[in-house]
Amino acid sequence: MKKLMLPWVVGLLFAFPTLNTFAQFADVQIIHNSADPAADSVDIYINAGAAPAVADFKFREATPFISLPAGVLVNVGIAAGNSTGPGDIIATFPFTLTANEKYVVVATGVLNPAQFDISVNGAPAIGFDLKVLTPAQSAGTAGNVSLAVAHGATDAPDVDVLANFGTPPLIDNLGYGTFSGYASVPAAAYILNVTPAADNATIVASYYADLSGLGGGAAVVFASGFLTPANNLNGAAFGLFAALPSGAVVELPAVGNARAQVIHNSADPAAATVDVYINYVSDSLKLDNFAFRSATPFVDLPTGYPVSIGIAPASSTSSSEAIATFTPTLANGESYLVVANGVLNPAMFAANPDGASTGFTLFLEAGAKETSGNTNVDLKVLHGATDAPSVGVNANGGAIVPSASYSNFTGYLNVPAAEYRVDITGANAPATLVAPFYVDASTLGGGATLVFASGFLDPAANMNGPAFGLFAAFPNGTVAPLTAVGNARAQVIHNAADPAAATVDVYVNALADTIKLDDFNFRTATPFVNLPTGYDLDIVIALPTSTGITNGVVATIPATLTSGGSYHIVANGVISPAGFAVNPDGIPTAFGLFVADSARETAVGTGVDIKVFHGATDAPTVDVLANYSTPALVAGAAYTDFTGYLSVPAADYDISITPAGQNTTLVATFDADVTALGGGAGLILASGFLDPATNMNGEGFGLLLVLADGTSVLLPLATSINDDLIRADHNLRIFPNPARINSTISYTLENSGDIRLTVLDIAGKPVFERTKEKQAAGTYEMNFSAETLAAGIYTVVLTTETTLSVKRLSVIK
Numbered sequence: 180m181k182k183l184m185l186p187w188v189v190g191l192l193f194a195f196p197t198l199n200t201f202a203q204f205a206d207v208q209i210i211h212n213s214a215d216p217a218a219d220s221v222d223i224y225i226n227a228g229a230a231p232a233v234a235d236f237k238f239r240e241a242t243p244f245i246s247l248p249a250g251v252l253v254n255v256g257i258a259a260g261n262s263t264g265p266g267d268i269i270a271t272f273p274f275t276l277t278a279n280e281k282y283v284v285v286a287t288g289v290l291n292p293a294q295f296d297i298s299v300n301g302a303p304a305i306g307f308d309l310k311v312l313t314p315a316q317s318a319g320t321a322g323n324v325s326l327a328v329a330h331g332a333t334d335a336p337d338v339d340v341l342a343n344f345g346t347p348p349l350i351d352n353l354g355y356g357t358f359s360g361y362a363s364v365p366a367a368a369y370i371l372n373v374t375p376a377a378d379n380a381t382i383v384a385s386y387y388a389d390l391s392g393l394g395g396g397a398a399v400v401f402a403s404g405f406l407t408p409a410n411n412l413n414g415a416a417f418g419l420f421a422a423l424p425s426g427a428v429v430e431l432p433a434v435g436n437a438r439a440q441v442i443h444n445s446a447d448p449a450a451a452t453v454d455v456y457i458n459y460v461s462d463s464l465k466l467d468n469f470a471f472r473s474a475t476p477f478v479d480l481p482t483g484y485p486v487s488i489g490i491a492p493a494s495s496t497s498s499s500e501a502i503a504t505f506t507p508t509l510a511n512g513e514s515y516l517v518v519a520n521g522v523l524n525p526a527m528f529a530a531n532p533d534g535a536s537t538g539f540t541l542f543l544e545a546g547a548k549e550t551s552g553n554t555n556v557d558l559k560v561l562h563g564a565t566d567a568p569s570v571g572v573n574a575n576g577g578a579i580v581p582s583a584s585y586s587n588f589t590g591y592l593n594v595p596a597a598e599y600r601v602d603i604t605g606a607n608a609p610a611t612l613v614a615p616f617y618v619d620a621s622t623l624g625g626g627a628t629l630v631f632a633s634g635f636l637d638p639a640a641n642m643n644g645p646a647f648g649l650f651a652a653f654p655n656g657t658v659a660p661l662t663a664v665g666n667a668r669a670q671v672i673h674n675a676a677d678p679a680a681a682t683v684d685v686y687v688n689a690l691a692d693t694i695k696l697d698d699f700n701f702r703t704a705t706p707f708v709n710l711p712t713g714y715d716l717d718i719v720i721a722l723p724t725s726t727g728i729t730n731g732v733v734a735t736i737p738a739t740l741t742s743g744g745s746y747h748i749v750a751n752g753v754i755s756p757a758g759f760a761v762n763p764d765g766i767p768t769a770f771g772l773f774v775a776d777s778a779r780e781t782a783v784g785t786g787v788d789i790k791v792f793h794g795a796t797d798a799p800t801v802d803v804l805a806n807y808s809t810p811a812l813v814a815g816a817a818y819t820d821f822t823g824y825l826s827v828p829a830a831d832y833d834i835s836i837t838p839a840g841q842n843t844t845l846v847a848t849f850d851a852d853v854t855a856l857g858g859g860a861g862l863i864l865a866s867g868f869l870d871p872a873t874n875m876n877g878e879g880f881g882l883l884l885v886l887a888d889g890t891s892v893l894l895p896l897a898t899s900i901n902d903d904l905i906r907a908d909h910n911l912r913i914f915p916n917p918a919r920i921n922s923t924i925s926y927t928l929e930n931s932g933d934i935r936l937t938v939l940d941i942a943g944k945p946v947f948e949r950t951k952e953k954q955a956a957g958t959y960e961m962n963f964s965a966e967t968l969a970a971g972i973y974t975v976v977l978t979t980e981t982t983l984s985v986k987r988l989s990v991i992k
């Protein structure tokens with residue numbers, strides 16, 4: 180503008196050669212506010228001088244206040260820019276200025292109203308004209324700002340102007356082509372809302388005016404341009420501009436709208452709960468007691484000026500108590516993630532391994548999404564753990580973020596709405612697992628989320644702050660932890676006797692990996708293996724010809740394991756129960772997986788820990804006897820039942836199966852030699868069919884011993900005692916029982932014959948044996964010395980040529 184002023188003043192001097200004889204002057208500021216594209220640049224002639232006094236005076240430019248002669252007629256001619264002389268003048272305006280007065284002269288309107296929208300203010304009103312404000316002001320008082328407003332938008336109706344949403348209006352009922360009077364306002368920042376006159380609830384446009392540096396000054400705010408450029412020769416769009424006494428013209432930023440979600444991810448215990456103040460100039464939003472790992476929904480925030488975000492203690496009463504203040508300027512139409520992160524005093528916390536600054540701050544991420552725009556999920560990741568190094572992120576085994584360091588956001592990843600195993604790994608080292616997590620995004624199709632790393636890898640080195648985890652912030656403000664994936668131990672055993680399932684493929688879908696047991700045979704087992712926890716595993720049984728987890732599927736069974744747990748997972752039953760004998764107790768026999776928790780890989784003590792599973796579909800509820808003794812070792816086990824663990828010495832046992840409560844009726848007796856298994860553990864499974872002929876000629880009944888390393892042994896039928904012997908009572912009696920030194924054993928024979936009386940220790944080894952040949956029918960007694968025996972449980976067995984009687988003896992010391 181300084182370039183324009185010299186010819187303006189020189190032109191006036193030439194126009195008034197006797198000016199030096201006058202001592203009367205007025206101060207004038209001229210503003211070009213004609214939005215007509217044809218008047219974008221104008222030349223100003225004084226008294227039709229040969230050359231323009233001001234050349235190429237641009238739209239929305241202003242002169243400073245300059246002193247001009249008063250009391251003299253001045254004809255101001257306006258011509259298009261680059262005019263060739265006074266003959267190009269299109270409008271002339273006469274002025275006689277008053278001495279010592281101040282004027283603001285605004286060129287406004289359009290050259291040819293017929294070409295413009297005249298529906299609001301009419302053709303005569305919007306013709307090109309010079310509008311004059313007098314007395315004008317170039318200074319304020321008492322540190323305030325003198326503010327006047329000029330309405331210069333030809334297609335805008337009468338308006339009110341509100342300052343900071345307050346009423347009554349700062350400017351009331353201002354029509355096109357008119358000026359408001361001056362208002363003295365404090366030197367501060369303002370939101371100026373333009374509304375229709377008398378309708379202050381309808382905001383046409385909002386602008387930000389920072390007058391904080393103008394104390395003692397003045398300004399003319401002028402409405403400029405067209406509300407609807409398309410109806411006005413595509414002229415300049417509507418806006419508010421401020422002309423200062425210096426001639427500077429400042430465009431007031433339009434206050435627009437941005438969307439933002441605020442997330443609290445500062446793991447510093449001192450900032451566990453905070454108050455958040457968001458100062459809108461005209462209003463202040465407070466998030467009261469905003470807790471760590473919580474979020475707002477997306478909310479509207481103004482744009483066009485710095486938005487003050489203050490973080491204060493939870494007990495605060497005003498923003499003046501803020502411990503940290505941030506002033507981002509948001510972009511109109513943009514959407515943001517605003518994440519409070521870091522620690523208040525980094526010296527008290529572990530340093531970031533990569534040397535990144537961990538001081539408390541706001542991470543501001545533009546381009547945030549509230550929806551994905553398709554059926555997938557848009558996923559963004561933030562590394563917000565101060566003591567964690569750069570990491571990689573894998574989803575279901577594939578690297579989606581090779582490397583991200585503290586404070587880094589990834590771009591959005593558009594992924595299918597599904598379940599994911601999300602592994603935090605070493606940076607560019609996908610095989611180095613740092614921490615695994617699970618997220619179920621199967622119901623989030625069309626949505627978006629931010630997954631943020633939160634907390635400390637080493638709480639003890641960080642003021643015992645919260646431990647590391649992954650969390651998801653959703654657009655509605657919900658924050659949900661991703662489930663930490665732990666580890667369980669599990670052994671899978673194939674005990675389904677259905678001939679159609681004699682060999683199967685077993686798949687365990689762990690999201691990040693799929694385990695396949697290829698050609699897994701009946702009565703075989705895996706060793707104990709590691710399986711993930713925290714989400715449902717799909718265990719799929721398929722035909723042995725299967726080529727994948729969806730091919731030849733026989734059954735899919737979900738299983739959820741607990742971190743730190745240990746399990747037996749037994750495949751059992753028949754695929755088509757209608758082709759097999761029903762269970763005598765009416766228990767369903769369909770193919771399934773049967774799971775026992777608290778499985779043991781080793782014994783609790785030095786003996787052998789044994790658990791029993793009833794897996795014979797056509798067998799009734801049974802008892803299990805050890806060394807023919809009663810009471811039963813296992814009582815009342817029905818199909819699919821697991822027993823608790825039985826801890827027994829490492830020895831050789833005769834294991835007998837009887838109907839429940841009928842311990843004299845032996846179904847079968849098996850030899851279980853576990854003498855070499857001291858300190859170990861195993862599972863004994865009732866396996867196969869009692870009657871193969873009615874069960875598709877499947878495998879016959881047996882007991883299967885499965886060890887922790889996957890060894891599977893079908894126990895042989897016992898041969899130490901004739902399996903054809905009939906259980907009899909023989910009125911076998913022991914007195915006293917318990918015994919300390921001696922006992923008397925009595926029995927009754929109904930028929931004569933040979934007898935054998937044997938006393939077995941808990942390991943099944945004879946400690947006493949007596950035989951009698953051709954003993955006549957009758958009742959007999961036999962003395963038995965327990966003096967040299969250790970305290971414990973012993974079994975007394977009486978056998979004849981055709982019968983067997985068993986009693987238990989307790990020895991105490």
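Going by the numbering used here, the first residue of the sequence shown is number 180, and it counts up by one from there. Using N, Cα and C, we set each Cβ at its ideal position, and we do this for glycine too. Note that the structure is a prediction, hence the values are computed from the model and not measured.
In this structure, Arg600 is the residue among Ala627, Gly605, Arg600, Phe699 with its C-alpha nearest to the C-alpha of Pro615.
Here the stretch 247-258 lies against the stretch 221-228, with 3 or more beta-carbon pairs under 8 Å apart. Residue Phe417 holds the alpha-carbon nearest to the alpha-carbon of Glu430 among Phe417, Ile442, Asn436, Val719. When the five nearest sequence neighbours on each side are left out, the beta carbons in the same chain lying within less than 6 Å of the beta carbon of Ile488 are those of Ile457, Phe505, in order along the chain. The beta carbon of Ala782 is closer than 7 Å to those of Asp788, Ser826, Gly858, Gly859, Ala860 in its chain, skipping five residues each way along the sequence. Less than 8 Å separates the beta-carbon of Leu341 from that of Asn379. Taking each of Asn700, Ile694, Pro660 in turn and checking the Cα distance to Pro678, the smallest one comes out for Asn700.
By the Cβ rule, the stretch 311-318 does not count as touching the stretch 335-355, because fewer than three pairs are nearer than 8 Å. In the DSSP annotation of this structure, the continuous segment of the beta strand (DSSP E) that includes Ile924 starts and ends at 921-928. With a cut-off of 8 Å on Cβ pairs, the stretch 846-854 is not in contact with the stretch 732-750, counting fewer than three such pairs.
Bounds of the alpha helix (DSSP H) holding Ile305 are 302-305.
In terms of Cα proximity to Asn806, the closest of Phe770, Thr843, Thr785, Gly771 is Thr843.
Residue pairing of Ala205 in beta bridges, as defined by DSSP: Leu247. Shown here, Met875 sits in coil according to DSSP, grouped into three states, outside any helix or strand. For Ser536 and Val685, the gap between their C-alpha atoms comes out near 50 Å. The way I'd put it, the stretch 474-484 does touch the stretch 655-662; three or more beta-carbon pairs between them come closer than 8 Å. In the DSSP assignment, Gly256 falls within the beta strand (DSSP E) that extends over 252-259. When C-alpha distances from Asp692 are compared across Asp888, Ala321, Glu598, the shortest belongs to Glu598. Phe914 and Asn962 have their C-alpha atoms spaced approximately 10 Å apart. The residues Lys790, Val791, Val813, Ala816, in chain order, have a CB closer than 7 Å to that of Thr822 in the same chain once the five nearest residues on each side in sequence are set aside. Taking a C-beta distance under 8 Å as the contact criterion, Ala376 and Asp337 qualify as a contact pair. Spanning the alpha carbons of Thr662 and Thr854 requires a straight line of approximately 44 Å. The beta-carbon separation of Thr768 and Val753, rounded to 6 Å, stays under the 8 Å limit for a contact. Considering only Ser495, Ala286, Gly322, Asp462, the residue with the shortest C-alpha distance to Ser403 is Ala286. Spatial neighbours of Leu464 in its own chain (CB-CB distance under 6 Å, excluding positions within 5 residues in sequence) are listed in chain order as Ile457.
Look at Ser964 here: in three-state DSSP terms it is strand.
In terms of CA proximity to Ala839, Asp802 leads the group Asp833, Met875, Asp802, Ser808.
In this structure Ala583 is in contact with Ser569, their Cβ atoms being roughly 6 Å apart against a cut-off of 8 Å.
Checking the DSSP bridge columns, you'll see Asn641 has no partner listed. DSSP places Ser499 in the helix class (H, G or I) of the three-state scheme. Taken through DSSP and simplified to helix, strand or coil, Pro660 comes out as strand.
Beta-bridge analysis with DSSP links Asp222 to Ala258. DSSP lists Leu864, Leu893 as the beta-bridge partner residues of Leu883.
Boundaries of the beta strand (DSSP E) around Pro492: 487-492.
Closest in C-alpha terms to Ile268, from the list Asn916, Pro917, Thr554, Val233, comes Val233.
Nearest Cα to Thr979 within the set Leu988, Ile905, Ala965, Asn910: Ile905.
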